[in-house]
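Numbered per our numbering, the sequence shown spans residues 8 to 422.
We treat Cβ as the ideally placed atom computed from N, Cα and C, and that holds for glycine.
Notes follow the structure.
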Amino acid sequence: MVGSGGREHSLGWKLSQSPKVDIVYFAPGNGGTENNIPIEVDKIDELAEFAQKNNCYTVVGPESPLALGIVDSFGKKNLKIFGPTQKAAQLESSKIWAKNFMKRNDIPTASFEIFDDPEKAIEYVKSINHPVVIKADGLAAGKGVIVCNSTAEALSAVNTILVKKTFGEAGNRIIIEERIDGVEASYISLSDGNFAIPMATSQDHKRIYDNDMGPNTGGMGAYSPTPIINESMAKKIQEKIIDKTIDSMKSEGTPFKGFLYAGVMIKDGEPYVLEFNVRMGDPECQPIIMRMDSDLYDYLMASTEGTLSSLRPVDWKNQSAVCIVLASKGYPEAYPKNEEITGLDFSSEGAFVFHAGTKRENGKVLTNGGRVLGVTALGNSLEQAISVAYSAANKINWPNKYCRTDIGKKGLSHL
Ligand code: AMP
Ligand code: GLY
Numbered sequence: 008m009v010g011s012g013g014r015e016h017s018l019g020w021k022l023s024q025s026p027k028v029d030i031v032y033f034a035p036g037n038g039g040t041e042n043n044i045p046i047e048v049d050k051i052d053e054l055a056e057f058a059q060k061n062n063c064y065t066v067v068g069p070e071s072p073l074a075l076g077i078v079d080s081f082g083k084k085n086l087k088i089f090g091p092t093q094k095a096a097q098l099e100s101s102k103i104w105a106k107n108f109m110k111r112n113d114i115p116t117a118s119f120e121i122f123d124d125p126e127k128a129i130e131y132v133k134s135i136n137h138p139v140v141i142k143a144d145g146l147a148a149g150k151g152v153i154v155c156n157s158t159a160e161a162l163s164a165v166n167t168i169l170v171k172k173t174f175g176e177a178g179n180r181i182i183i184e185e186r187i188d189g190v191e192a193s194y195i196s197l198s199d200g201n202f203a204i205p206m207a208t209s210q211d212h213k214r215i216y217d218n219d220m221g222p223n224t225g226g227m228g229a230y231s232p233t234p235i236i237n238e239s240m241a242k243k244i245q246e247k248i249i250d251k252t253i254d255s256m257k258s259e260g261t262p263f264k265g266f267l268y269a270g271v272m273i274k275d276g277e278p279y280v281l282e283f284n285v286r287m288g289d290p291e292c293q294p295i296i297m298r299m300d301s302d303l304y305d306y307l308m309a310s311t312e313g314t315l316s317s318l319r320p321v322d323w324k325n326q327s328a329v330c331i332v333l334a335s336k337g338y339p340e341a342y343p344k345n346e347e348i349t350g351l352d353f354s355s356e357g358a359f360v361f362h363a364g365t366k367r368e369n370g371k372v373l374t375n376g377g378r379v380l381g382v383t384a385l386g387n388s389l390e391q392a393i394s395v396a397y398s399a400a401n402k403i404n405w406p407n408k409y410c411r412t413d414i415g416k417k418g419l420s421h422l
């Protein structure tokens, strides 16, 4: 398992339950994972050497090694690996590539213009009178998107990305797109290049504070399933977005294997793609994995081998799952590290703590990142899952612990 977040902990935890898996190694892993290998996710040659020596099937969690071409490199060495090639990963690694792909293949998304010249971008912003969202083209750890409420904010966003280069080279080009005000949800599917099956539905909570206030983060909590995507909406998203994307990627000669994540905005009963990710969501992965009753290994391997259509649909527990992210105060900006985490040794029926930004030192578990833990719980209803997750989350402590107190409420209000 390549990666070190809560997503990777949950995928590895599930894979280790498969009778077909002897051992799960994590590279580099975190304070909650075992069999950690000290190789960073971008050290592709070292990872390949380890995989070869230990006869591994490699599963890639985060986007950065995918964008660097880990799947292509492993493929050349005949090493089995799960995830998309570098070209297919452009769906996430270049937002402009993704927007142009959607446009030429009639996949519903917000209308947009592309700029590299700040003066032209400013002229354009001044000439329109609808709200916009401004996005840096490249990977910017979820931060390169600025949702604007006024012309002044849009002008300042152009300045931040194209002039000040706050996101570095990722901001050499920008997208200025129409803002769509609707309800947002995550639709994650698994493809083998020819065919895609849906995962369970979920909803993330991207803003740092309760009631979706404050800056965007990687995700402060998630739950599954979400009532926002009912059966008919799921069918619509699967056909108009997922199947169309998989078919078009194949016909353009860049077949997509792996998890295809569509961040969608639903407005007036129609879904629009806000972004594609080419991997599982974090923290969406944690509640989705908690609900999975099938053998994850079978599905990942079928994606790699192109045999997904021969498998039965995934079995999901008929329960809700909620993941509450415990973060370090200050995230998504600067935050303290190396604080001792206490209260991890509780036992709670139906709850599990996935680690993210943690490390082990002298028998202690210390904070080591912005998003530290993902306390994940099952319940017979969303309400119950929320309550089990929060009572587990309340047992865990460190000086600068922070979490939202309203994870899942968006789902309750929709029910
Ligand atoms: P992205 O990384 O592209 O998903 O953008 C991050 C967040 O910005 C999304 O989760 C949305 O909340 C918001 N966002 C992005 N694009 C739009 C849009 N066209 N209209 C409204 N909100 C958007
Ligand atoms: N939770 C959103 C993401 O993984 O990008």
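Checklist entry - Does the Cβ of S316 have 16 or more other Cβ atoms within 10 Å, making it buried, or fewer, making it exposed? => result The residue you call residue 316 lines up with position 309 of the sequence shown. Exposed is the call here.
Item to check | DSSP beta-bridge partners of A203 | outcome: Here the question's residue 203 lines up with position 196 in the sequence shown. Note: A203 sits in a beta bridge opposite S198.
Item to check | Residues that T365 bridges to, as DSSP identifies them | outcome: On the sequence shown, residue 365 is found 358 positions in, with the first residue counted as 1. Partner(s): T374.
Checklist entry - Under a Cβ-count criterion, where at least 16 other Cβ atoms within 10 Å of its own Cβ denotes burial, should A269 be classed as buried or exposed? => result Residue mapping note: residue 269 aligns to position 262 of the sequence shown, counting from 1. It counts as buried.
Checklist entry - CB of E291 to nearest heavy atom of the ligand GLY: below 7 Å? => result What you label residue 291 is simply residue 284 of the sequence shown in a count that begins at 1. Yes.
Checklist entry - Just to check, is the beta-carbon of K288 closer than 7 Å to a non-hydrogen atom of the ligand GLY? => result Residue 288 sits at position 281 when you count from the first residue of the sequence shown. This sequence places Gly at residue 288; Lys is not what is there. True, at least one ligand heavy atom lies under 7 Å from that Cβ.
Next on the checklist: Please give me, in chain order, every unbroken run of the alpha helix (DSSP H) with length at least 4 that falls completely inside the region 278 to 355.
Outcome noted: 292 to 298, 303 to 312
Item to check | Distance, T40 Cα to K60 Cα | outcome: Reading the sequence shown from its first residue, position 53 is the one you call residue 60. Reading the sequence shown from its first residue, position 33 is the one you call residue 40. Each residue's Cα considered, the two are about 21 Å apart.
Checklist entry - So, using beta-carbon positions, are E143 and G178 closer together than 8 Å? => result If you number the sequence shown from 1, residue 143 lands on position 136. If you number the sequence shown from 1, residue 178 lands on position 171. Note that residue 143 is Ala in the sequence shown here, rather than Glu. Yes, these two residues count as a Cβ contact at 8 Å.
Checklist entry - When the Cα atoms are used, what is the spatial distance from H137 to R186? => result Position 130 of the sequence shown, counted from the start, is the residue given in the question as residue 137. Position 179 of the sequence shown, counted from the start, is the residue given in the question as residue 186. Roughly 8 Å between the two C-alpha positions.
Checklist entry - Got a sec: does the ligand AMP put a non-hydrogen atom nearer than 7 Å to the Cβ of E70? => result Counting from 1 along the sequence shown, the entry for residue 70 is found at position 63. No, the Cβ of E70 stays beyond 7 Å of every heavy atom of the ligand AMP.
Next on the checklist: At the level of alpha carbons, what is the spacing between A55 and E130?
Outcome noted: Looking up residue 55 in the sequence shown gives position 48. Looking up residue 130 in the sequence shown gives position 123. If you take the alpha carbons of A55 and E130, they lie about 49 Å apart.
Next on the checklist: Along the chain, where does the alpha helix (DSSP H) containing F81 start, and where does it finish?
Outcome noted: Walking along the sequence shown from the start, residue 81 turns up at place 74. Looking at the DSSP string, the run of the alpha helix (DSSP H) that includes F81 is 77 to 83.
Item to check | As assigned by DSSP and simplified to three states, the class of Q245 | outcome: If you number the sequence shown from 1, residue 245 lands on position 238. It is helical.
Next on the checklist: Closer than 7 Å between the C-beta and any heavy atom of the ligand AMP: which residues qualify, listed along the chain?
Outcome noted: K102, A117, V140, K142, G149, V152, V154, E184, E185, R186, I187, D188, E191, K213, N223, G270, M272, L281, E282
Checklist entry - Does DSSP put Q93 in a helix, in a strand, or in coil? => result Position 86 of the sequence shown, counting from 1, holds the residue named residue 93. Reduced to three states, the DSSP call for Q93 is coil.
Item to check | Supposed close pair G90, G200 - CB separation, criterion 8 Å | outcome: To locate residue 90, count along the sequence shown from 1; it is residue 83. To locate residue 200, count along the sequence shown from 1; it is residue 193. At roughly 12 Å, the Cβ-Cβ gap does not stay under 8 Å, so G90 and G200 are not in contact.
Next on the checklist: Counting beta carbon pairs with one atom in the region 70 to 81 and one in the region 180 to 194, are three or more of them shorter than 8 Å?
Outcome noted: no
Item to check | Residue of V332, V66, M240 minimising C-alpha distance to A309 | outcome: Within the sequence shown, residue 309 is the residue found at index 302, counting from 1. It is V66.
Checklist entry - Does the ligand GLY have even one heavy atom less than 7 Å from the beta-carbon of G145? => result Along the sequence shown, read from residue 1 onward, the residue named residue 145 stands at position 138. Checking the Cβ of G145 against the ligand GLY gives no.
Checklist entry - Alpha carbon to alpha carbon, how far is M109 from I88? => result Position 102 of the sequence shown, counted from the start, is the residue given in the question as residue 109. Position 81 of the sequence shown, counted from the start, is the residue given in the question as residue 88. Going by the C-alpha atoms only, they are around 27 Å apart.
Checklist entry - What are the boundary residues of the alpha helix (DSSP H) that includes K133? => result Taking the sequence shown and counting its residues from 1, the one referred to as residue 133 is at position 126. K133 -> alpha helix (DSSP H) spans 125 to 134.
Next on the checklist: Which same chain residues end up closer than 7 Å to A164 when comparing Cβ atoms and leaving out the 5 residues on each side of it in sequence?
Outcome noted: Residue mapping note: residue 164 aligns to position 157 of the sequence shown, counting from 1. Cβ neighbours of A164 beyond the five flanking positions: I141, I153, C155.
Checklist entry - Is G376 buried or exposed, if buried means 16 or more other CB atoms sit within 10 Å of its CB? => result Taking the first residue of the sequence shown as 1, we reach residue 376 at position 369. G376 should be labelled buried.
Item to check | alpha helix (DSSP H) runs contained entirely in the region 157 to 240, provided each spans 4 or more residues | outcome: 158 to 165
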